[in-house]
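Asker:
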Amino acid sequence: MSTFVREETNIKKIISYLYISIIPLLIFGFYKNGIKGYDGIFILHPLILDLIGFASGALVSIILEKKKPLTSFYPFYGLLSASLVFPNTSIIVFGLICFISLFIYKKINKNNVNIVCVIALIVILISNFYETSYLNLVINSNTNLDGLDYLLGKGSAGLNASCTLLSLASYLYLSTKDFYKREIPLYSFLTYSILMVIYLSFIGDINSLFVRLLSNGTIFSLVFVSTMGSTSSYTKRGRICYALILGILMFILSFSFPSLAVISAIFLVSIMHKYIDKLLK
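Heads up, the sequence shown is in our numbering, so the first residue is 1347 and it goes up one at a time.
#1: Only counting runs of 4 or more residues, tell me where the alpha helix (DSSP H) segments fall wholly within the stretch 1465 to 1553, in order along the chain.
#2: Whose C-beta lies closer than 7 Å to the C-beta of proline 1604 among residues of the same chain, with five residues either side of it excluded?
#3: Would you report the Cα separation of valine 1543 and isoleucine 1408, rounded to the nearest angstrom?
#4: Give the C-beta separation of proline 1392 and leucine 1512 to the nearest angstrom, bearing in mind that I take them to be a contact with Cβ-Cβ under 8 Å.
#5: Given that a residue counts as buried once 16 or more other Cβ atoms are within 10 Å of its Cβ, and exposed if not, what is phenylalanine 1396?
#6: If we ignore side chains and look at the alpha-carbon of each, how far apart do serine 1534 and valine 1406 end up?
#7: Within the present structure, is the beta-carbon of serine 1427 separated from the nearest heavy atom of the ligand PLP by less than 6 Å?
#8: Start and end of the alpha helix (DSSP H) containing leucine 1392?
#9: By alpha-carbon positions, which one of Asp1495, Ile1549 and Phe1570 ends up nearest to tyrosine 1519?
#10: Does the beta-carbon of isoleucine 1366 have 16 or more other beta-carbons within 10 angstroms, so that it is buried, or is it exposed?
#11: Exposed or buried, which one is asparagine 1553 when buried takes at least 16 other CB atoms within 10 Å?
#12: Are the CB atoms of glycine 1399 and glycine 1424 nearer to each other than 7 Å?
#13: Look at the Cβ atom of isoleucine 1622, then the Cβ atom of tyrosine 1588, and state whether they are nearer than 7 Å.
#14: Under the three-state reduction of DSSP, which class applies to tyrosine 1363: helix, strand or coil?
#15: Report the three-state DSSP secondary structure of phenylalanine 1556 (helix, strand or coil).
#16: What did DSSP end up calling lysine 1413 once you bin it into helix, strand or coil?
#17: Distance, Cα to Cα, leucine 1371 vs threonine 1417?
#18: In whole angstroms, what separates the C-alpha of phenylalanine 1556 from that of serine 1567?
#19: Assess, as a yes-or-no matter, whether the stretch 1599 to 1617 is touched by the stretch 1447 to 1455 under the definition of 3 or more beta carbon pairs within less than 8 Å.
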């Protein structure tokens, strides 16, 4: 979000645009991971995660900001965090980490790091220590997917982050708004794509290009998380530099942590955003 956003009216408009852009992805995520992906009562599990994320941010906005939830960015941060975690994540684990992290983040009020990435990374890493799944194993057993499958949201990713097509539609919608940092998703993805094309051509595996580019919720994370206003560069040249660094980090991390490469890269580059803007003013 741009630095001109200071008035309450502008903030309300921006928040409304963000919710409008993410609603189709929430619906798709609930259908895929709830209605289609779960058995029995656990069909509501993904929806509860979304509500817990929103409620965690809403509590922080009420307690610390003295604001109504829909006039604060914190409920949206909580919702984004829920969108990135595994569909079978423990509700209690996610709720505690999400609320505590947002509360501390607001208390410190430094805006030095992308809090959505912090929450998602902590929850995902903790989730790796236990194996409690209510997923329908028949639905989720097909791993022989191609680029088109990932485009249509059939691949694995965060709760609401798997449908590349809807994420692209959200990007096009948000790109029409003045506050949105459209350069960041565009240039970071182009950088990542070029590096991946060079690498896959070198090893003779160019057929896997689209799977590598579109898996793990890459587009969703770039569209919504990398552009968060308080933790991404705001100057024109800063945004481009931020995006180039992000694309390079995504490529490097994809070899060690493919499922976490994007959010890990966003986390790292968010730490640098203030220095990038100072250097390129």
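Ideal placement from N, C-alpha and C gives every residue a C-beta, glycine not left out.
Answerer: Taking the definition as stated:
#1: Taking only runs of at least 4 residues, the alpha helix (DSSP H) segments lying wholly in the stretch 1465 to 1553 are 1493 to 1497, 1510 to 1520 and 1529 to 1549.
#2: So the qualifying residues of the chain are Asn1562.
#3: Within the model, the alpha-carbon separation for valine 1543 versus isoleucine 1408 is close to 47 Å.
#4: Wrong, their Cβ atoms sit about 16 Å apart, outside the cutoff.
#5: Here residue 1396 turns out to be aspartate, not phenylalanine, going by the sequence shown. Buried: at least 16 other Cβ atoms inside 10 Å.
#6: The alpha-carbon atoms of serine 1534 and valine 1406 are separated by roughly 31 Å.
#7: The ligand PLP is absent from the structure shown, which contains no ligands of any kind.
#8: The residue asked about is misnamed: residue 1392 is proline in this sequence, not leucine. First-last of the alpha helix (DSSP H) with proline 1392: 1391 to 1406.
#9: Among Asp1495, Ile1549 and Phe1570, the Cα nearest to that of tyrosine 1519 belongs to Phe1570.
#10: Around the CB of isoleucine 1366, fewer than 16 other CB atoms lie within 10 Å, so the residue is classed as exposed.
#11: Exposed, because fewer than 16 other Cβ atoms sit within 10 Å of the Cβ of asparagine 1553.
#12: Yes, the Cβ-Cβ distance between glycine 1399 and glycine 1424 is below 7 Å.
#13: Going by C-beta atoms, isoleucine 1622 is nearer than 7 Å to tyrosine 1588.
#14: It is helical.
#15: The answer is helix: DSSP assigns phenylalanine 1556 an H, G or I state.
#16: For lysine 1413, the three-state secondary structure derived from DSSP is coil.
#17: Taking the straight line joining both Cα atoms gives about 22 Å.
#18: Cα to Cα, phenylalanine 1556 sits roughly 17 Å from serine 1567.
#19: The stretch 1447 to 1455, when compared against the stretch 1599 to 1617, does not touch it at the 8 Å Cβ threshold.
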